[in-house]
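S.K.: One structure is given below, represented as structure tokens, and several questions about it will come after.
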Amino acid sequence: MTEGGKGTMEPYTVPTAPFRPGDEADFGGPWKEQPGDLSRPDPVTCEASETHDHAHGLVRVLGDDDTASGAWNPELDAETLIKGLELMMRLRIFDDRMIKMQRTGKLSFYMRSLGEEAIAIAQTMALDDTDWIFPSYRQPGAQFVRGRDMVSMICHCIGNTEDNIRGRQMPVHYSWKEGYFISISSPVGTQFSQAVGVAMASAYKGDDQATITWVGDGTSAQGDYHYGLNFASVFKPPVILNVVNNQWAISTHRNVATGGENFAARGLAYGIPSFRVDGNDFLALYSVTKWARERARAGKGATHIEVYTYRAGGHSSSDDPSIYRPGDESECWPGGDPVDRLKKHLIEIGAWTEKKDEKLAQQIDDEVMAAYKEACTFGDLANGPYPPASTIFTEVYETVPWHVQEQREELGK
Ligand SMILES: Cc1ncc(C[n+]2csc(CCOP(=O)(O)OP(=O)(O)O)c2C)c(N)n1
Ligand SMILES: [Mg+2]
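Count along the sequence shown from 1, then add 53; that gives the number in the numbering used here.
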């Protein structure tokens, strides 16, 4: 003991964010990692140890000059790239309109995917149409890839009579059975171990059906993430496990979520091939997810991916990021904007123009507004109609338990 009874240990500290309001954010300039840096191992024979560099580097395809190169270039044709761009634009414009609806009192709550559009879109495009999707609230975009009608999505956000889940969930916490899109859970992280369990069932049944799931950086500090990884490591089911490191968990910086070097490398300790991928690079995301799907199909088990990105908007409509981070932090992000980067690449290869882009944006916006108007014919937030009270008792149990039946009778519905 030193004088005054104090110990000699370092003082206890809680990690804090590197930049706060008023600071100049600095992420070290353009990425040092380049598209040609990393090899593409054979997905069927690859051992986790072969992905050491991939977990510590950054898988990129789109270079700073907007060209695509390197071993991870998926060589997609222009038609597929334009489809990817269109879907990302649709998600962004939809989000933009819906947050305005929330601000004007027409929705109770909303969450955008701003700056993270490439994730759900590119990764879902790389899957088979019947693969299971276990999303967080930041991947509603997967539904656009699988063709969900926007009217149905908006009806859910309003919670009107055509809400397919009858007002049981918060807005944006979608469920969509026909699209193999599992209900988004409010308690964060539950989807991770569920996804592994469903993948184990697919393997057991011999189905060629893979499962994909995502958690955020903050959520990866929870037990669910580690339980999922451990089961995936032992049983080697066909599952793609993503940690979306968007730097923030509401107002908590990601450096509170792991004391490790990064998020990707944690998968190596579980013996699972692990990749750190530029989450604003549509092509890199598509390519690594295809690799993981090929591995799953071959019965070789899970792939772990850190999607390295930045949450450009607020956490939700209830959040004000200007009180905990610099206002221009997202503009300093070296990964740029995912939609803009794919657009520039398409222009670079001569498959797109600014004019076409503007025309498409207008067309999508018109479609979103028409969908909103149609959704309101089934009820709006202020006036309803809403799902009838009787639906509290339906669609949850196949055989209604006696106590629920009793409650229903008491309510007289
Ligand atoms: C179990 C649980 N704890 C806390 C919350 C409140 N909460 C909702 S989102 C969130 C932050 C999650 O951040 P992250 O995992 O990084 O995901 P992101 O929002 O950045 O995509 C928290 C703490 C919750 N919904 N569930
Ligand atoms: Mg986060």
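Backbone N, C-alpha and C fix where the C-beta goes; we use that ideal spot for every residue, glycine too.
For clarity, every value in this text was computed on a predicted model and none was experimentally measured.
1. Straight-line CA distance for A78 to W386?
2. Measure from the alpha carbon of A372 to the alpha carbon of each residue in S236, M164, W344, then state which is nearest.
3. What are the uninterrupted segments assigned as beta strand (DSSP E) that are 3 or more residues long and contained completely in the region 243 to 282, given in chain order?
4. Can you grab the Cα-Cα spacing for the pair P454 / R191, in whole Å?
5. What is the rounded straight-line gap between the Cα of R73 and the Cα of F335?
6. Along the chain, where does the alpha helix (DSSP H) containing V457 start, and where does it finish?
7. Distance, Cα to Cα, T214 vs F162?
8. Which value, in whole angstroms, describes the spacing of the CA atoms of Y257 and M62?
9. Can you list the residues near ligand 1, meaning Cβ strictly closer than 5 Å to any non-hydrogen atom, in the order they appear in the chain?
10. Closest to V198 by C-alpha separation, out of R156, G271, L140, F147, would be which residue?
11. Which partner residues of I293 appear in the DSSP bridge assignment?
12. Roughly how many whole angstroms lie between the Cα atoms of E463 and G232?
13. For the beta strand (DSSP E) containing D381, list its first residue and its last residue.
14. For A302 and Q458, I'd like the C-alpha separation in whole angstroms.
15. Quick check on the burial criterion: 16 or more other C-beta atoms within 10 angstroms. Buried or exposed for H398?
16. Using only the alpha-carbon positions, how far apart do G380 and M142 sit?
17. Measure the CB-CB distance between A171 and A195 and report whether it falls below 9 Å.
18. Sort out for me which residues DSSP pairs S327 with in a bridge.
19. With 16 as the cutoff for other CB atoms within 10 Å, does G281 come out buried or exposed?
20. From this set, T444, N333, V449, I218, which residue's C-alpha is nearest G465's C-alpha?
21. Express the C-alpha separation of S327 and E56 in angstroms, rounding to a whole number.
22. Which residue from P290, R307, D184 puts its Cα closest to that of V296?
23. Given M54, which residues of its chain have a CB within under 6 Å of its CB, disregarding the five upstream and five downstream residues?
24. Could you check whether the region 87 to 95 touches the region 118 to 132, counting it as contact only if at least three pairs of C-beta atoms, one from each stretch, sit closer than 8 Å?
25. Classify P291 as buried or exposed, calling it buried when 16 or more other Cβ atoms lie within 10 Å of its own Cβ.
26. Do V341 and Y361 have their C-beta atoms within less than 9 Å of each other?
27. Below 8 Å, can you find three or more Cβ-Cβ pairs linking the region 144 to 160 to the region 423 to 434?
28. Taking only the alpha-carbon atoms, compute the straight-line gap between S246 and S189 and give it to the nearest angstrom.
29. Along the chain, where does the alpha helix (DSSP H) containing I152 start, and where does it finish?
30. Nearer than 8 Å: is that true of the beta carbon of V297 relative to any heavy atom of ligand 2?
31. For Q176, count the other beta carbons within 10 Å of its own beta carbon; 16 or more makes it buried, fewer makes it exposed. Which is it?
32. With a Cβ-Cβ cutoff of 9 Å, do A349 and A252 count as a contact?
33. Which residue's Cα is closest to the Cα of T406: Y439, A131, G366, P224?
34. Who does T305 pair with in a DSSP beta bridge?
35. Where does D433 fall in DSSP's three states?
M.R.: Quick answer:
1. 9 Å
2. Going by the sequence as given, residue 372 is Asp instead of Ala. Per the Cα distances, M164.
3. 264 to 269
4. 35 Å
5. Taking the straight line joining both Cα atoms gives about 29 Å.
6. 455 to 464
7. 18 Å
8. 51 Å
9. R191, P240, V241, G269, D270, G271, T272, N299, A302, I303
10. Of the candidates R156, G271, L140, F147, L140 places its Cα closest to the Cα of V198.
11. I265, T356
12. 37 Å
13. From DSSP, D381 is part of no beta strand (DSSP E); its letter is neither H nor E.
14. 41 Å
15. Label assigned to H398: buried.
16. Looking at the two C-alpha atoms, the distance is approximately 24 Å.
17. no
18. By DSSP's assignment, S327 forms a beta bridge with H357.
19. That one is buried.
20. Comparing Cα-Cα distances from G465 to each of T444, N333, V449, I218, the minimum goes to T444.
21. Note that E56 has pLDDT 49, beneath the 50 cutoff, so the model's placement of it is unreliable and the number below is only indicative. Answer to the nearest angstrom: the Cα atoms are 49 Å apart.
22. Taking only the C-alpha atoms, the option nearest V296 is R307.
23. At M54 the pLDDT is 40, less than 50, meaning the model places this residue with poor confidence; the figure from the coordinates comes in the next sentence. Same-chain partners within the cutoff: there are none.
24. yes
25. buried
26. No.
27. As far as the Cβ criterion goes, the region 144 to 160 touches the region 423 to 434, which means the pair count is three or higher.
28. Going from the Cα of S246 to the Cα of S189 covers about 13 Å.
29. 131 to 156
30. Distances between the C-beta of V297 and the heavy atoms of ligand 2 include at least one below 8 Å.
31. Residue environment: Q176 is assigned as buried (16 or more neighbouring CB atoms within 10 Å of its CB, all protein chains considered).
32. yes
33. A131
34. A302
35. strand
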